[in-house]
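Line by line, the protein sequences give chains H and A.
Be aware that the first sequence starts at 45, since it is given in the working numbering, and climbs by one per residue.
Be aware that the second sequence starts at 73, since it is given in the working numbering, and climbs by one per residue.
Just so it is clear, CB atoms sit at the ideal spot from N, CA and C, and this is done for glycine as well.
These figures come from a predicted structure and were not determined experimentally.
Right, one structure below, let's go through it.
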Amino acid sequence: MATSFTSRDRTRRRAPVAPVAHPRQPVRDPADGRRVIDFRGVSKLYSGDVGLDQATFSVDRGEFVFLVGSTGSGKSTVMRLLIKELEPTSGTIRVAGHDLGEITRRRVPFYRRNVGVVFQDFKLLPNRTVHDNVAYALQVTGGSRKDIRAKVPDILRLTGLSTKLHNYPDQLSGGEQQRVSIARAFVNHPPLLLADEPTGNLDPETSIDIMRLLYRINRTGTTVLVATHDQAMVDKMRRRVLELSRGRIVRDEAAGLYTRDETTRDLARRLRAPSTRPPGV
Amino acid sequence: MRIGFFLREAVRATRRSAAPSFAALATVLVTMLVLGVFIPIVQATNGAANSVRSRVLVDVYMKSSATAADEARVRRELLAVSHVKSVEFVSKQQAYAQQSKIDPQAYQLLGSNPLPDTFHVIPDSPGNVLAVRSALTPKGPSGQPGVIDPAIGSVSNKKNDTRKILEVTNLVTITAAALTVLLTLASILLIANTIRLSLYARRREVEVMKLVGATDWFIRWPFVIEGIVVGAAGALLAIAVLGIAKVALLDPLAHSWTLIAAPQTIPFSALVAILMFAGVLVSALGSGLSLRRFLRV
């Protein structure tokens, strides 16, 4: 089902970037249906400290967006707001048309099932095998055994973990653990996948594999938002970049060559090649 | 399917984190052992106190000339007095039979029966015994206490003894009740704390479950089931130890020590039921409630 709306989406793509300071009409605009993430004047204060300051941006369905910035710039705040782990101090956040402020505490688990999340520290369940970790995401939604038998092996094959089915997380390398984490985030085929520093603990080669995997997921039509401070990786991937600094969005651009229909193999080849552009663009 | 899943999750959790589960089990075991010993002791103490208190009554001795008609009339009059619960008639012959059984030699020497017909007047509560007594011995015109019926010879006067008995038994009962409350409280806190510690070790796991989109009860059920299993296991072990102790130590003693054999002591089956219920309830509730603060993610 995810792939079906990708093709439709591709034909309808509009220019990906809206200028940051551009004032938006308060009324519904026609792009609403296409918007997966929509932040409007969102601020978050942590007992006086600024976490996020009047952030306004939106992400369309099927986009692959990097969220960059130094430590403490507000990347994690954006991520945590998106999974409703935090409440904004002011402003509204809409995800796939739903106002997060209107989701009651009771409904939060059901909302979270529509958002896949990947963390820097993997957050796997230590007393479950790879298979059971991925299956847990299906079990929480009430997935039947049949469902699990059908979906889990598929997703593990996609992430290249077929041989590690019965291993426990502590028996896996960092890259493998991150793959399990991605498999778990994607097994429900959520329309939105968030990755908070997914390569933060990994070596460059493994990082490329993980990025390639995220790109592959993006190609199925899933919107992917990656928070990272790996500037070199961001430059090479050439996707849309949102930069945060002290809680403000200071840059929102689609890096020059936006080669959307690149295959994952081409992407990996390009990522492994030595940098052709000076960093920090 | 759901119940099966929760059960499997609970078993998995118990097996994979054996140390905290074992700590909780040991806590339940020890607390239930203490409770299991303490409850019968309190019961026996209360029973003893109550049996002493039940002996607090007013004896009305009839004149030796009293007839059956007198007896019937006096019985009616006694029952009409306020705070009187019941009246028990002991005839001369019955009294003689009872007393001579206790001390046959003395009564054999005595030859004839010196005992009067007696009414045991039982007050509705031991505390009212003095009121009943003064009602039965109204002050006459001379200021001396008289009797309410000419057929009554005298009314027993055990004012001081009665007061002492009431005070002491009251103290015993209150102390036992206070100790029970304290011990129960201590048990609940101890078990809840141990469970909380074992949950604390797994709070990261709970956090991950929440982030994946599990509802609170989806996370909570396995913990509650685990609590039930651990509580039941601890209580069963405690019951087994108590059972062995009862058969090996108490039952031989019961013949020679009446306090243990006191009929007021709780029957073993009831004790088993209480311990089982308490163990399961406290640890299941403890697990479910302690989890609450870790579910706020």
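Item                                                                                                                                                                                 : Value
List, in chain order, every chain A residue whose beta-carbon is nearer than 7 Å to that of residue 167 of chain H.                                                                  : 280 and 283
Can you pull out the residues from the region 95 to 114 of chain A whose beta carbon lies closer than 7 Å to at least one beta carbon of chain H?                                    : none
Relative to the C-alpha of residue 310 of chain H, which residue among H/255, H/234, H/291 and H/117 is closest?                                                                     : H/255
Is the CB-CB distance between residue 202 of chain A and residue 234 of chain A below 8 Å?                                                                                           : yes
Taking residue 107 of chain H as the reference, which of H/291, H/286 and H/292 has the closest Cα?                                                                                  : H/286
Quick one: is residue 182 of chain H buried, meaning 16 or more other Cβ sit within 10 Å of its Cβ, or exposed?                                                                      : buried
For residue 134 of chain A, write down the residues that DSSP places opposite it in a beta bridge.                                                                                   : A/224
Distance, Cα to Cα, residue 257 of chain H vs residue 312 of chain H?                                                                                                                : 10 Å
Among A/189, A/182 and A/269, which has the Cα closest to the Cα of residue 223 of chain A?                                                                                          : A/189
Does residue 115 of chain H come within less than 8 Å of chain A when only Cβ atoms are used?                                                                                        : no
Have a look at H/276, H/288, H/284 and H/289 and flag the residue whose alpha-carbon is nearest the alpha-carbon of residue 317 of chain H.                                          : H/276
Let me confirm a value: residue 71 of chain H is counted as buried when at least 16 other C-beta atoms fall within 10 Å, else exposed. Which label applies?                          : Any reading at residue 71 of chain H is ruled out, since the residue's pLDDT is 47, under 50, leaving its predicted position unreliable.
Count the C-beta pairs between the region 315 to 323 of chain A and the region 211 to 220 of chain H that are closer than 8 Å, then say yes if the count reaches three, no if not.   : no
Specify, as a first and last residue, the run of the alpha helix (DSSP H) that residue 237 of chain A falls within.                                                                  : 231 to 272
Determine the extent of the beta strand (DSSP E) in which residue 100 of chain H is found, giving its start and end residues.                                                        : 93 to 104
Can you give, in chain order, each stretch of the beta strand (DSSP E) that sits fully within the region 201 to 241 of chain H and has at least 3 residues?                          : 236 to 240
Can you give the Cα-Cα distance for residue 122 of chain H and residue 247 of chain H, rounded to whole angstroms?                                                                   : 25 Å
So residue 127 of chain H contacts chain A; which residues on that side make the cut at Cβ distance below 8 Å?                                                                       : 283
Rounding to the nearest angstrom, what Cα-Cα distance links residue 346 of chain A and residue 353 of chain A in this structure?                                                     : 10 Å
From which residue to which residue does the beta strand (DSSP E) around residue 160 of chain A run?                                                                                 : 156 to 162
Counting contacts by CB-CB distance shorter than 8 Å, is residue 1 of chain H in contact with chain A?                                                                               : Any answer about residue 1 of chain H is impossible in this case: the structure gives chain H only from 45 up to 325.
Output yes or no for whether 8 Å exceeds the beta carbon distance between residue 130 of chain H and residue 138 of chain H.                                                         : no
Return the residue from the list A/286, A/192 and A/367 that minimises the CA-CA distance to residue 186 of chain H.                                                                 : A/286
For residue 344 of chain A, tell me which candidate among A/112, A/126 and A/302 has the shortest Cα-Cα distance.                                                                    : A/112
With 8 Å as the threshold, decide whether the Cβ of residue 228 of chain H is near any Cβ in chain A.                                                                                : yes
So what does residue 90 of chain H bridge to, in DSSP terms?                                                                                                                         : H/93
Spatial neighbours of residue 300 of chain A within its chain, please: CB distance less than 6 Å, with the 5 preceding and 5 following residues excluded, ordered by chain position. : 352 and 356
Excluding sequence positions up to five away, which residues of its chain have a Cβ less than 8 Å from the Cβ of residue 179 of chain A?                                             : 168, 171 and 172
Is the Cβ of residue 84 of chain A closer than 8 Å to any Cβ of chain B?                                                                                                             : Although the question refers to chain B, the structure presented lacks it and instead comprises the protein chains H and A.
Could you have a look at residue 187 of chain A and say whether DSSP puts it in helix, strand or coil?                                                                               : coil
Report the rounded CA-to-CA distance for residue 14 of chain H versus residue 297 of chain A, giving the unit in angstroms.                                                          : As shown, chain H starts at 45 and ends at 325. That puts residue 14 of chain H outside it, with no answer to give.
For residue 138 of chain H, which of helix, strand or coil comes out of DSSP?                                                                                                        : strand
Apart from the five residues just before and just after residue 93 of chain A, which ones in its own chain have a Cβ nearer than 8 Å to its Cβ?                                      : 85, 86, 270, 298 and 302
So which of H/84, H/90, H/161 and H/116 has the shortest CA-CA distance to residue 234 of chain H?                                                                                   : H/161
If we ignore side chains and look at the alpha-carbon of each, how far apart do residue 362 of chain A and residue 265 of chain A end up?                                            : 9 Å
Select from the region 285 to 308 of chain A all residues with a C-beta closer than 8 Å to any C-beta belonging to chain H, and list them in chain order.                            : 285, 286, 287, 288 and 290
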